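**Student:** First residue of the sequence shown: 290, per my numbering; consecutive thereafter.
Glycine included, every Cβ here is placed at the ideal spot set by N, Cα and C.
Values in this document were obtained by computation on a predicted structure and should not be read as measured data.
My questions all concern the structure below.
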Amino acid sequence: METKHTDLVNLVVEEFLKNKFVVETEKPLPFGKGAVDVFAEKGDLKIYMELKSSPASINSKKANSQLNRYKQFFGKDNLYCLVSPGFDGVPRIQSLDGKINCSLTNFYN
Numbered sequence: 290m291e292t293k294h295t296d297l298v299n300l301v302v303e304e305f306l307k308n309k310f311v312v313e314t315e316k317p318l319p320f321g322k323g324a325v326d327v328f329a330e331k332g333d334l335k336i337y338m339e340l341k342s343s344p345a346s347i348n349s350k351k352a353n354s355q356l357n358r359y360k361q362f363f364g365k366d367n368l369y370c371l372v373s374p375g376f377d378g379v380p381r382i383q384s385l386d387g388k389i390n391c392s393l394t395n396f397y398n
């Protein structure tokens, strides 16, 4: 079953709020069209996330391009991630720098 984008956004927001992050959806990009799907912040940690409702890879040209665009706008010292359901249906989070690739629930452990 394919996860709807709105359902995935709600799930991601819920997970980050449970873990004491301040969360914003559809954060506008400065000086341009578009928005970050989900932005989460806790202390010095800022995470900008692109969400895909079907399984996707951080290596896909479209996802990589979008995250690099966020990086261009918001700076290199933040975390840029793709969140999408894995082939097993469990949401996965993958960072642009390749250091994070795990299920969303394991991200906090």
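(1) Going by the DSSP bridge assignment, what does PHE328 pair with across the sheet?
(2) Just how far apart, CA to CA, sit LYS309 and GLN383?
(3) Assign SER343 to one of three DSSP states: helix, strand, or coil.
(4) Buried or exposed for LYS341, please, with buried defined as at least 16 other CB atoms from any protein chain shown within 10 angstroms of its CB.
(5) Going by alpha carbons, who is nearest to ILE389 out of GLN361, VAL302, MET338 and ASP333?
(6) Taking all protein chains shown into account, decide if TYR397 is buried (16 or more other Cβ within 10 angstroms of its Cβ) or exposed.
(7) Hey, how far is the Cα of SER343 from the Cα of LEU385?
**Tutor:** Looking at the atomic coordinates:
(1) In the sequence shown, counting from the first residue as 1, residue 328 sits at position 39. DSSP lists GLU313 and TYR337 as partners of PHE328.
(2) Position 20 of the sequence shown, counted from the start, is the residue given in the question as residue 309. Position 94 of the sequence shown, counted from the start, is the residue given in the question as residue 383. The C-alpha of GLN383 is placed about 20 Å away from the C-alpha of LYS309.
(3) Position 54 of the sequence shown holds residue 343. In the structure shown, SER343 sits in coil (DSSP, three-state: anything other than H, G, I, E or B).
(4) Stepping through the sequence shown from its first residue, residue 341 is reached at position 52. Label assigned to LYS341: buried.
(5) On the sequence shown, residue 389 is found 100 positions in, with the first residue counted as 1. Closest option to ILE389, Cα to Cα, is MET338.
(6) Position 108 of the sequence shown, counted from the first residue, corresponds to residue 397. Taking every protein chain shown into account, the CB of TYR397 has fewer than 16 other CB atoms within 10 angstroms, so this residue is exposed.
(7) Position 54 of the sequence shown, counted from the first residue, corresponds to residue 343. Position 96 of the sequence shown, counted from the first residue, corresponds to residue 385. Pairing SER343 with LEU385, the inter-Cα distance amounts to about 18 Å.
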